[in-house]
Amino acid sequence: MSVLIYIELENGSIKKTSLETIAYGAKVAEKNGGKAIVLAIGNADASELEKAGRYGAAKVLHATDQRLEHENSMAYADILVQAVQQEESKVVILPKSGLGDAMAARAAARLKAAVVSGVTQLPETDGVFTVTRSVFSGKAFATTQIHSEIKILVVKKNVIEVDENAVATGNAEIVPFSPAFRGEDFKATVIQVEKTNTELSLTEADIIVSGGRGMKGPENWQPLVDFAHALGAATGCSKPVSDLDWRPHHEHIGQTGIKVAPNLYIACGISGAIQHLAGVNGSKCIVVINKDPEAPFFKAADYGIVGDIFEILPRLTEAAKKL
Ligand code: FAD
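Using this note's numbering, you'd call the opening residue of the sequence shown number 80 and step up by one each time.
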């Protein structure tokens, strides 16, 4: 039984979330006596792809073509289907993202496979294949049994610890993969993507420093940005902050914004409404700074500081610079 793992590339590097996906898929393969095979689509050096071996992959199928330079969920799903068929894989793993979900749904239809998205744990594979996924914006977990021959799992970030030296099977074998292309997959093609900013991506960041209405206005954001820079963190915000144009909309975190799962989420002057918590409850550690000891966010926090954000942030920045 082989497990096929799709990984996302960014500027020729494997995204951190995809390294987790490889480790997750390798664990599933190991438990079932199978091989973990990675599918990479787009440009990347062999030395980068070989890294997959350190997370437990035996082989990397690498599909490159000028037409695949920019994301195309239809063509990518088509390539995934061909890879699954070639490798006779029974379990397919993708990282949770817009692209991962779109590819999973398309591949599921073609392969007559069940797809479960938002998976939060390793599956139970003794007896009926059973997975747990997060529902209602992370407020509950649903246990789902999968009975189809091919099973597709879209896995959330931070589901397992990634330790690149824990598996240490060495470098993975890189095998060029030349899929057949379907003309209809390229009826609309992206020809250029320009990033609007050069900041760290919120979905990939290990640390996020996020600000709420307690920051009082856009002119007060510098201490928060300085703290984020000192930590090498990305910056985020609550919905009203982006609605008020204090911060750009791509920083809006929560139920109606971006859902994040960093190792450390530091909330500055954010009350902790359920709609905001829905976007951060995948974080490993939450630190809340708020002057109101009754702020609801403290209930979801691992650590809390009760105090004025404008006094605390500069002191934290000084401390972070000494790290
Ligand atoms: P506030 O609720 O005003 O809280 C400000 C906090 O700052 C307070 O706790 C206060 O004690 C503290 N504070 C003030 N001054 C200081 C200081 N000097 N030092 C330290 N602390 C200070 N919200 C989201 O964030 N994301 C979403 O995706 C989202 N989606 C929504 C969807 C729907 C359908 C609805 C109805 C609402 C949604 N909201 C969302 C809004 C949400 O309900 C809250 O209104 C919002 O999260 C509150 O933002 P806030 O915590 O920044 O502001």
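Ideal placement from N, C-alpha and C gives every residue a C-beta, glycine not left out.
Just so we're clear, the structure is a prediction, and the values are computed from it rather than from any experiment.
| Asked | Found |
| --- | --- |
| Listed by chain order, which residues have C-beta atoms less than 5 Å from any heavy atom of ligand 1? | 291, 292, 293, 317, 318, 319, 333, 334, 335, 336, 348, 349, 350, 352, 354, 355, 369, 370, 371, 374, 387 and 388 |
| Would you kindly work out how many angstroms separate the C-alpha atoms of residue 151 and residue 269, rounded to a whole number? | 8 Å |
| How would you call residue 326, buried or exposed, if buried means at least 16 neighbouring beta carbons within 10 angstroms? | buried |
| Residue 143 by DSSP, collapsed to three states: which one? | coil |
| Beta-carbon within less than 7 Å of residue 376's beta-carbon, same chain only, minus the 5 sequence neighbours each way: which residues are those? | 346, 349, 350, 351, 367 and 369 |
| Opposite residue 382 in the DSSP bridges: which residues? | 366 |
| How would you label residue 161, buried or exposed, when you count the other beta carbons within 10 angstroms and need 16 or more for buried? | buried |
| Going by DSSP, name the residue or residues bridged to residue 114. | 81 |
| Please determine, among 281, 206 and 181, the residue with the shortest C-alpha to C-alpha distance to residue 196. | 181 |
| Just list the residues that DSSP pairs residue 344 with in beta bridges. | 287 and 365 |
| Kindly indicate which three-state DSSP category residue 154 falls into: helix, strand or coil? | helix |
| Taking the C-alpha atoms as reference points, what is the distance between residue 129 and residue 354? | 40 Å |
| So, residue 154 versus residue 260, is the Cβ gap smaller than 9 Å? | yes |
| Here's the rule: buried if 16 or more other CB atoms are within 10 angstroms of the residue's CB, otherwise exposed. What is residue 163? | buried |
| Among 177, 186, 137 and 178, which one has its Cα closest to the Cα of residue 156? | 186 |
| Less than 9 Å separating the beta-carbons of residue 140 and residue 119? | yes |
| Where does residue 239 sit, in a helix, a strand or coil, going by DSSP? | coil |
| Taking the alpha-carbon of residue 262 as reference, which of 137, 398, 392 and 146 has the nearest alpha-carbon? | 146 |
| CA-CA distance, residue 335 and residue 328? | 11 Å |
| Along the alpha helix (DSSP H) that carries residue 309, what are the first and last residues, could you check? | 301-310 |
| Going by DSSP, name the residue or residues bridged to residue 223. | 210 |
| Using 8 Å as the threshold, is the region 285-292 in touch with the region 378-386, meaning 3 or more CB pairs across them? | no |
| Is it buried or exposed, residue 222, if we count other Cβ atoms within 10 angstroms and call 16 or more buried? | exposed |
| Considering residue 177, what are the terminal residues of the alpha helix (DSSP H) in which it resides? | 177-190 |
| For the region 200-210 against the region 100-118, do three or more pairs of beta-carbon atoms, one drawn from each stretch, fall closer than 8 Å, so that the two count as touching? | yes |
| Between the Cα of residue 173 and the Cα atoms of 158, 225, 241 and 86, which residue gives the shortest distance? | 86 |
| Apart from the five residues on each side of it in sequence, which residues of its chain come closer than 6 Å, Cβ to Cβ, to residue 309? | 396, 399 and 400 |
| Where are the alpha helix (DSSP H) runs, 4 residues long or more, that stay fully inside the region 314-341, in chain order? | 318-322 |
| What residue range is occupied by the uninterrupted alpha helix (DSSP H) comprising residue 393? | 388-400 |
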